[in-house]
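One structure is given below, encoded as structure tokens.
In full-length UniProt numbering, the protein residues as written are 1 to 470.
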């Protein structure tokens with residue numbers, strides 16, 4: 001069997017683990033469980049004896065996050081940019097187009113970027129079996145053996161074996177998320193959880209999409225054919241891609257195809273779908289308490305604390321989750337994890353920026369973080385990675401003062417270029433054309449003090465930009 005081409009979908013926002021996960025830095029890029037993000041862990045599970053180089057399907061806003069996190073773990077692959085979110089069916093269709101460029105009968109595996117797997121060797125063994133079944137024309141999903149009557153997952157009813165030596169069975173039915181009583185019955189009858197991971201031949205899935213969702217198939221084919229390379233990314237054509245209906249691959253194909261098959265998986269899988277799932281996957285003490293960062297629990301049990309920025313304490317309370325960031329705090333009853341999305345939706349309606357934005361904002365050149373805000377001033381901490389540069393720009397409503405605290409800065413100010421070292425500063429008058437470059441080998445850190453009548457990020461006039469934002 002040829003190597004499987006993995007397609008990793010990582011364009012979602014992950015609002016159920018707010019406030020750690022937000023639109024500007026969603027959960028797949030956050031080290032929720034260990035030192036690496038779930039996106040990085042997903043890539044590292046893909047043994048190169050089984051898998052070819054991955055294709056990552058993400059959106060324009062996350063492209064540099066994807067690139068940076070792949071670089072950190074030494075993984076290369078194609079990064080495909082969706083111009084807008086159209087759900088998983090369109091992403092799968094694009095994955096088929098990309099895989100077909102390598103071979104029309106290429107075997108494709110579709111994985112989410114935010115899932116966790118504890119038993120990696122068992123996962124890889126199942127991938128071999130699922131890939132072999134896919135080579136025979138089946139569209140194979142990993143059906144997770146339930147550990148409890150979950151009401152947050154869809155279920156699969158397996159039928160007769162179609163590849164007995166691999167344990168692959170025909171899918172008799174996909175069923176929606178059940179109530180508790182129905183979930184208990186499903187488990188007793190041998191149903192499996194739908195993991196949302198699929199294996200198929202590219203030509204088989206293309207044929208199914210053309211039969212059941214011809215609009216998606218046509219939009220993906222045209223968007224891929226008209227895609228352009230930009231800074232190493234493959235940017236799909238916006239106009240063509242926007243014509244794809246917004247629908248999941250489950251509804252679009254899996255619940256209708258005659259080729260659906262399932263292989264039971266007992267691999268310690270979780271979709272890390274809410275904070276209760278994070279607690280379940282975390283190391284806990286004898287009282288069931290889990291603390292990440294600066295936290296103390298006293299006279300409580302089954303408590304999860306995540307606090308990287310300040311000391312968080314819980315006293316005399318059981319079954320609670322407390323997540324503390326530098327600008328938001330969540331106190332959550334452990335059984336109400338799925339309601340966090342409703343909370344975030346309410347925060348958005350209230351137009352609270354904390355619903356979607358972190359105080360630390362990532363850019364392709366590094367990041368900045370707001371330290372202090374006033375009516376006519378703002379203070380930021382800016383970090384620029386070695387060799388990177390900000391855009392050549394100017395502002396109509398603010399002046400800036402930069403103080404270098406680490407490294408060296410090459411600063412363009414109108415017609416002059418200056419080197420600013422640690423403990424030195426430079427003033428940038430309102431309207432001056434300026435640029436910041438880190439020419440060194442270490443991170444450049446500086447404090448920026450802005451003063452003026454308007455301090456919004458949209459008061460940036462980019463004249464020239466390395467990242468094509470001008």
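The beta carbon of each residue, even a glycine, is placed where N, CA and C say it ideally should be.
- Rounded to the nearest whole angstrom, the CA to CA distance from residue 338 to residue 74 is 35 Å.
- Beta-bridge analysis with DSSP links residue 290 to 304.
- With fewer than 16 neighbouring CB atoms inside 10 Å of its own CB, residue 463 falls in the exposed class.
- Look at residue 68 here: in three-state DSSP terms it is helix.
- For residue 51, there is no enclosing alpha helix (DSSP H), as DSSP gives it neither H nor E.
- Looking at the DSSP output, residue 59 sits in a beta bridge with 82.
- Residue burial is scored here from C-beta neighbours: residue 454 has fewer than 16 other C-beta atoms within 10 angstroms and is therefore classed as exposed.
- Short of 7 Å from the beta carbon of residue 110, and not among the five residues preceding or following it, lie these beta carbons of its own chain, in chain order: 7, 9, 92, 95, 197 and 198.
- With a cut-off of 8 Å on Cβ pairs, the region 392-407 is not in contact with the region 348-365, counting fewer than three such pairs.
- Residue pairing for residue 446: DSSP places it in a beta bridge opposite 382 and 404.
- DSSP places residue 362 in the uninterrupted beta strand (DSSP E) bounded by 360-363.
- Counting only the Cα atoms, residue 31 lies some 10 Å from residue 41.
- Our two residues, residue 140 and residue 108, have alpha carbons roughly 10 Å apart in a direct line.
- Secondary structure at residue 87: helix, using DSSP grouped into helix, strand and coil.
- Following the DSSP letters along the chain, one finds residue 427 inside the beta strand (DSSP E) bounded by residues 425-428.
- As a beta-bridge residue in DSSP terms, residue 229 pairs with 234.
- Contact between residue 26 and residue 328 does not hold, since their C-beta atoms are separated by about 15 Å, which reaches or exceeds 8 Å.
- Residue 111: member of the beta strand (DSSP E) spanning 107-112, first to last residue.
- Note: residue 284 is not bridge-paired with any residue in the DSSP secondary-structure output.
- In the three-state scheme derived from DSSP, where H, G and I count as helix and E and B as strand, residue 339 is classed as helix.
- With a beta-carbon spacing of about 16 Å, residue 385 and residue 448 fall beyond the 8 Å limit used to define contacts.
- With a cutoff of 8 Å on beta-carbon distance, residue 145 and residue 265 are scored as near each other.
- For residue 226, the closest C-alpha among the options 376, 304, 81 and 274 is that of 81.
- CA-CA distance, residue 122 to residue 336, rounds to 32 Å.
- If you ignore the 5 residues before and after residue 442, its C-beta comes within less than 6 Å of the C-beta of 407, all in its own chain and listed in chain order.
- Relative to residue 332, the option among 173, 217 and 304 whose CA is nearest is 304.
- The straight-line gap separating the alpha-carbon atoms of residue 54 and residue 434 is approximately 39 Å.
- Distance from the Cα of residue 246 is smallest, within the candidate group 342, 373, 87 and 360, for 87.
- Residue burial is scored here from C-beta neighbours: residue 298 has fewer than 16 other C-beta atoms within 10 angstroms and is therefore classed as exposed.
- Selection 211, 221 and 417 evaluated against residue 253 yields 211 as nearest (Cα-Cα).
- Residue 4: not part of any beta strand (DSSP E); DSSP gives it neither H nor E.
- Excluding residues up to 5 positions away in sequence, 297, 300, 303, 305, 320 and 322 lie with their Cβ nearer than 7 Å to the Cβ of residue 314 in the same chain.
- The secondary-structure analysis by DSSP pairs residue 368 across a beta bridge with 361 and 382.
- Pairing residue 220 with residue 229, the inter-Cα distance amounts to about 16 Å.
- Straight-line spacing of the CA atoms in residue 387 and residue 470 works out to 19 Å.
- Cβ contact annotation for residue 429 (same chain, cutoff 8 Å, sequence separation greater than five): 399, in chain order.
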